[in-house]
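S.K.: Sharing a structure below in structure tokens format, with a few things to ask.
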Amino acid sequence: SLNLLTYDKTPDDVMYVLLEETRRAVHDLQQTMGSDLPVSVCSADELLQQASAYPGFDVFYEAAKQASFVALQEGSSTYVEETIHLLEQILDFTGMTAPMAVVAFAPPCYPAADSLSFPTPAFTDLLEKIPTLMDVRFDRYFNGVSDCSYCCVDPDFDESMVEKNLLLWGKAYPFDLDSLKKLQIPFLLLGPWGKDLHEGTERVHIDSVSRKLPHILDAIISYVGRE
């Protein structure tokens, strides 16, 4: 599995890139091994379409997804593990044994978000005011994906590609995009300077977290409160 920063790419763009890269990797591997054995490359949606032609698949698949939901609720498995497990079960059910590479999405999903794409007057005023409150420089850092992704999902975001290729979509991973699209809340994501985010070796700069960040938050909150 891999994590992919989408920036301004749509789910359709991402799936296209992943499929093309997978086909290239399969071709390179065949060349290296000197093999002419055909290997098919498909998306999870394409696999499901093939599998749906098998009698009893719908009932089987709903039961398999329910089992994944239970495993996730119990904490005995992860999103990635359950996604792979579902793919394996689909192949076992259909009896497909030919070499195959399947590209699927697995949670979590963070829609690309950029407050500058729909700035409100109040947000624009705040951005212009901040440099007068403190010595600060704005960089487009970690553009497009953040913990605030759910604040301003693009109203034109088409989730159909995600729904079709994220096997846990629904009960195991509910995602009310229609409601999220209505929020449209511009945001500033503030945090201390650090290294190795989300790793066991993650650490933050003491001066940044204990002195600079509190000062920035205090200045911004005070200004917003006055406005």
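Numbering (my numbering), first residue to last: 248 to 474.
Think of the CB as a built atom: it goes at the ideal place given N, C-alpha and C, for glycine as much as any other residue.
Taking the C-alpha atoms as reference points, what is the distance between Y301 and Y254?
M.R.: Here residue 301 corresponds to residue number 54 of the sequence shown, with the count starting at 1. Here residue 254 corresponds to residue number 7 of the sequence shown, with the count starting at 1. So the alpha carbons of these two residues sit roughly 38 Å apart.
S.K.: State yes or no: is the C-beta of F340 within less than 9 Å of the C-beta of A369?
M.R.: Locating residue 340 in the sequence shown gives position 93, counting from the first residue. Locating residue 369 in the sequence shown gives position 122, counting from the first residue. Not a contact, by the Cβ cut-off of 9 Å.
S.K.: Going residue by residue through the stretch 410-470, where are the continuous alpha helix (DSSP H) segments of at least 4 residues, counting only ones entirely within it?
M.R.: You should have 424-430.
S.K.: Which stretch, first to last residue, makes up the beta strand (DSSP E) that contains M347?
M.R.: Sequence index remark: in the sequence shown, residue 347 carries index 100 (1-based). Secondary structure note for M347: its beta strand (DSSP E) is the uninterrupted segment 347-350.
S.K.: Below 7 Å CB to CB, which residues in the same chain sit around Q336 once its five sequence neighbours on both sides are set aside?
M.R.: Numbered from its first residue, the sequence shown carries residue 336 at position 89. Excluding residues up to 5 positions away in sequence, A311 lie with their Cβ nearer than 7 Å to the Cβ of Q336 in the same chain.
S.K.: Which value, in whole angstroms, describes the spacing of the CA atoms of E291 and S469?
M.R.: Taking the first residue of the sequence shown as position 1, residue 291 is located at position 44. Taking the first residue of the sequence shown as position 1, residue 469 is located at position 222. Before going further, note that residue 291 is Ala rather than Glu in the sequence given. Straight-line Cα distance between these residues: approximately 50 Å.
S.K.: Along the chain, where does the beta strand (DSSP E) containing V288 start, and where does it finish?
M.R.: Start at 1 with the first residue of the sequence shown, and residue 288 comes out as number 41. Run containing V288: 287-290, per the beta strand (DSSP E) assignment.
S.K.: Kindly indicate which three-state DSSP category A300 falls into: helix, strand or coil?
M.R.: For this step, residue 300 is matched to residue 53 along the sequence shown. In the three-state reduction of the DSSP assignment, A300 falls in the coil class, being assigned neither a helical nor a strand state.
S.K.: Since A311 sits in a beta bridge, which residues does DSSP pair it with?
M.R.: Against the sequence shown, residue 311 aligns to sequence position 64. Note: A311 sits in no beta bridge, so no partner.
S.K.: Enumerate in chain order the residues of its own chain whose CB-to-CB distance from R384 is below 7 Å, with the five nearest sequence positions on each side excluded.
M.R.: Here residue 384 refers to the residue found at position 137 when the sequence shown is read from its first residue. Nothing listed; no residue qualifies.
S.K.: Roughly how many angstroms separate the alpha carbons of S307 and I331, rounded to a whole number?
M.R.: By one-based count along the sequence shown, residue 307 stands at place 60. By one-based count along the sequence shown, residue 331 stands at place 84. Per the sequence shown, residue 307 should be read as Phe rather than Ser. Answer to the nearest angstrom: the Cα atoms are 16 Å apart.
S.K.: Using the three-state DSSP reduction, which class does A360 fall into: helix, strand or coil?
M.R.: Along the sequence shown, read from residue 1 onward, the residue named residue 360 stands at position 113. Residue state, collapsed to three classes: strand.
S.K.: Should the stretch 412-427 be called in touch with the stretch 454-472, which here means at least 3 C-beta pairs below 8 Å?
M.R.: Remark: fewer than three beta-carbon pairs, one from each stretch, lie closer than 8 Å, so the stretch 412-427 and the stretch 454-472 are not flagged as touching.
S.K.: Tell me which same chain residues have a C-beta within less than 6 Å of the C-beta of V451, skipping the five on either side of it?
M.R.: Here residue 451 refers to the residue found at position 204 of the sequence shown. Counting only Cβ-Cβ distances below 6 Å, and skipping sequence neighbours, we find P439, G441.
S.K.: Give the DSSP-derived three-state secondary structure of P366 in the structure shown.
M.R.: Counting from 1 along the sequence shown, the entry for residue 366 is found at position 119. Coil at P366, not helix or strand.
S.K.: Might you give, ordered along the chain, the residues of its own chain that have their beta carbon closer than 6 Å to the beta carbon of V327, omitting 5 neighbours on each side?
M.R.: Reading the sequence shown from its first residue, position 80 is the one you call residue 327. Beyond the five residues adjoining it in sequence on each side, V327 comes within less than 6 Å, by CB distance, of S248, A353 in the same chain, given in chain order.
S.K.: Using only CA atoms, which one of E375, N412, D403, P258 lies nearest to L295?
M.R.: Here residue 295 is taken as the residue at index 48 of the sequence shown, counted from 1. It is N412 whose Cα lies nearest to the Cα of L295.
S.K.: Is it true that the CB of A348 sits closer than 9 Å to the CB of V264?
M.R.: On the sequence shown, position 17 is the one that residue 264 refers to. On the sequence shown, position 101 is the one that residue 348 refers to. No, these two residues do not count as a Cβ contact at 9 Å.
S.K.: Out of G303, A359, E375, M280, point me to the one whose CA is closest to D401's CA.
M.R.: Sequence index remark: in the sequence shown, residue 401 carries index 154 (1-based). Selected option, being the one with the closest Cα: A359.
S.K.: What is the DSSP secondary structure of G472, reduced to helix, strand or coil?
M.R.: Residue mapping note: residue 472 aligns to position 225 of the sequence shown, counting from 1. Helix at G472.
S.K.: Could you tell me the boundaries of the alpha helix (DSSP H) in which L333 lies?
M.R.: Walking along the sequence shown from the start, residue 333 turns up at place 86. Here the alpha helix (DSSP H) through L333 covers 326-341.
S.K.: Rank P433, K418, E410 by C-alpha distance to the C-alpha of S394 and give the top, closest one.
M.R.: On the sequence shown, position 147 is the one that residue 394 refers to. Here the sequence assigns Asp to residue 394, which means Ser is not the residue at that position. Answer by Cα proximity: P433.
S.K.: DSSP three-state label for E406, please.
M.R.: As a position in the sequence shown, residue 406 is number 159, starting the count at 1. Correct three-state label for E406: coil.
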